[in-house]
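**Q** The structure follows.
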Amino acid sequence: MAFQRIVSRPLKNGTIVQMHPFHISLEGMEKVMLCRDDEDYDHLQKSFYLGAWKNDCRVISEIAMSNHGHIAVLAPAMASAHKAGEFIKKHHSQYLSWKYRERGILSRSDICVKYLDNNWYVRNALAYIPRNTADTGMRVEDYRWSSYRGMFSGGRCQGGVYRVADLPRRDREAIFHTHEDLSSVPWVLNADYGIEPASACDWQYLESAFDNDQAFFLKTIGSVNPSEMQQMLVLSGREKHADAEMLAVITRLADKWYGKTVIELSPEQKSYLLPYLYRTYRTTIPQLSRCLQLPRDTVASLLPRR
Numbered sequence: 027m028a029f030q031r032i033v034s035r036p037l038k039n040g041t042i043v044q045m046h047p048f049h050i051s052l053e054g055m056e057k058v059m060l061c062r063d064d065e066d067y068d069h070l071q072k073s074f075y076l077g078a079w080k081n082d083c084r085v086i087s088e089i090a091m092s093n094h095g096h097i098a099v100l101a102p103a104m105a106s107a108h109k110a111g112e113f114i115k116k117h118h119s120q121y122l123s124w125k126y127r128e129r130g131i132l133s134r135s136d137i138c139v140k141y142l143d144n145n146w147y148v149r150n151a152l153a154y155i156p157r158n159t160a161d162t163g164m165r166v167e168d169y170r171w172s173s174y175r176g177m178f179s180g181g182r183c184q185g186g187v188y189r190v191a192d193l194p195r196r197d198r199e200a201i202f203h204t205h206e207d208l209s210s211v212p213w214v215l216n217a218d219y220g221i222e223p224a225s226a227c228d229w230q231y232l233e234s235a236f237d238n239d240q241a242f243f244l245k246t247i248g249s250v251n252p253s254e255m256q257q258m259l260v261l262s263g264r265e266k267h268a269d270a271e272m273l274a275v276i277t278r279l280a281d282k283w284y285g286k287t288v289i290e291l292s293p294e295q296k297s298y299l300l301p302y303l304y305r306t307y308r309t310t311i312p313q314l315s316r317c318l319q320l321p322r323d324t325v326a327s328l329l330p331r332r
């Protein structure tokens with residue numbers, strides 16, 4: 027069966043809705059650590075699942091790093107994905123403040139949410155997440171703080187011991203640092219009380235994205251361009267460009283893709299450039315209209331809804 031990027035999934039209340047894929051990144055600053063020890067990594071990872079669950083999103087894949095975190099989710103709307111990201115930041119910030127007795131630790135950290143609007147974008151984002159382990163010098167399969175081990179596992183938890191829903195309420199609150207009612211979640215914890223991703227991730231979605239072929243998944247992890255994906259998923263949501271800078275970007279792309287100047291581009295060629303520019307750079311419909319000399323309504327009609 028061909029991969030379906032937009033799928034139907036149940037909300038917490040059982041209602042079936044269409045869900046779309048998004049990538050959420052949590053970035054620290056150069057002098058701010060999101061995770062200083064194993065306990066912090068564990069908390070950030072649990073925050074991913076808690077934030078997604080609370081806001082009717084479903085985790086597809088995630089990774090917690092010392093200075094940044096990445097999570098791919100299925101969400102009914104961009105607003106839900108944004109709320110999940112903001113909750114993750116707030117929840118982890120409160121935990122760090124409580125633990126280290128420091129205020130505003132993550133006040134200057136940033137959340138960026140990107141809609142994954144085509145199959146290529148989905149696959150490369152899902153491959154980029156585990157590829158981040160290269161920063162640690164470790165093999166992806168040896169890195170503890172990611173959902174990688176839950177993929178292509180048939181839904182089997184490698185070290186499942188405790189069902190979260192079966193734990194006493196006070197234990198759940200202590201483990202997840204929350205008063206949210208977790209009596210209905212399907213999550214399973216291992217002997218160290220770490221979350222087992224096979225019980226909490228929508229691994230079926232990830233496997234479907236790679237045609238249920240683990241070799242395809244591994245090959246994409248190895249071949250994905252980390253710099254390109256960082257620009258598309260992380261930096262593009264934060265860097266603004268003046269019109270002259272954006273026009274220079276478009277000029278380079280027009281020459282690279284079509285061997286033409288911007289003025290020489292046909293309407294059809296501009297329509298192919300638009301989604302890439304909108305996804306990859308922090309730009310707006312008015313700016314794209316000015317730089318590509320297209321009516322605003324035309325630009326808006328050619329862009330994916332966010």
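When we follow this note's numbering, the leftmost residue of the sequence shown carries the number 27, and every step to the right adds one.
Even for Gly, the Cβ is constructed at its ideal location relative to N, Cα and C.
#1: Looking only at its own chain, which residues have a Cβ that is under 8 Å from the Cβ of N39, when we skip the five neighbours before and after it?
#2: With 16 as the cutoff for other CB atoms within 10 Å, does R195 come out buried or exposed?
#3: Give the straight-line distance between the Cα atoms of R332 and Q256, rounded to the nearest whole angstrom.
#4: From the DSSP output, in three-state form, read off K140 for me.
#5: Along the chain, which unbroken stretches of the alpha helix (DSSP H) at least 4 residues long are found entirely within the stretch 63-103?
#6: At 3 residues or longer, and completely inside the stretch 116-198: list those beta strand (DSSP E) runs for me, N to C.
#7: Can you tell me which of the three DSSP states M255 falls into?
#8: Threshold first: 4 residues or longer. Then list the alpha helix (DSSP H) segments lying entirely within the stretch 240-322, N to C.
#9: Going straight from the alpha carbon of T309 to that of L259, what length do you get?
#10: Look at the alpha carbon of Y169 and the alpha carbon of T159, and state the distance between them as a whole number of angstroms.
#11: Do you know offhand how far P36's Cα is from L100's?
#12: For F29, name the three-state secondary structure that DSSP assigns.
#13: How far does the alpha helix (DSSP H) with S234 in it reach, from first residue to last?
#14: I believe S51 touches C138 by the beta-carbon criterion, under 8 Å. Please report the beta-carbon distance rounded to the nearest angstrom.
**A** Concretely, from the data shown:
#1: Counted from its first residue, the sequence shown places residue 39 at position 13. Excluding sequence neighbours, N39 sits near nothing in its chain.
#2: Translated into the one-based positions of the sequence shown, residue 195 becomes position 169. By the C-beta density criterion, R195 is exposed, having fewer than 16 other C-beta atoms within 10 angstroms.
#3: The residue given as residue 332 occupies position 306 in the sequence shown. The residue given as residue 256 occupies position 230 in the sequence shown. Its pLDDT being 48, under 50, R332 is placed unreliably in this model, and the value from its coordinates should be taken loosely. About 20 Å.
#4: Looking up residue 140 in the sequence shown gives position 114. It is a strand residue.
#5: Taking 4 residues as the shortest admissible run, the stretch 63-103 contains the following complete alpha helix (DSSP H) segments, listed from N- to C-terminal end: 64-80.
#6: Listed in chain order, they are 136-141.
#7: Translated into positions along the sequence shown, residue 255 becomes position 229. M255: helix per DSSP, three-state reduction.
#8: As far as the stretch 240-322 is concerned, its whole alpha helix (DSSP H) runs of at least 4 residues are 240-249, 252-259, 269-284, 293-306 and 311-318.
#9: Residue 309 sits at position 283 when you count from the first residue of the sequence shown. Residue 259 sits at position 233 when you count from the first residue of the sequence shown. If I take the Cα positions, the gap works out to 14 Å.
#10: For the purposes of this step, residue 169 is identified with residue 143 of the sequence shown, where counting begins at 1. For the purposes of this step, residue 159 is identified with residue 133 of the sequence shown, where counting begins at 1. Rounded to the nearest angstrom, the two C-alpha atoms are 7 Å apart.
#11: Locating residue 36 in the sequence shown gives position 10, counting from the first residue. Locating residue 100 in the sequence shown gives position 74, counting from the first residue. Computed Cα separation, rounded: 11 Å.
#12: Along the sequence shown, read from residue 1 onward, the residue named residue 29 stands at position 3. Per DSSP, reduced to three states, the secondary structure at F29 is coil, with no helix or strand assignment.
#13: Against the sequence shown, residue 234 aligns to sequence position 208. Where S234 is concerned, the enclosing alpha helix (DSSP H) stretches over W229 to A235.
#14: For this step, residue 51 is matched to residue 25 along the sequence shown. For this step, residue 138 is matched to residue 112 along the sequence shown. Yes, S51 and C138 are in contact; Cβ-Cβ is about 5 Å, under 8 Å.
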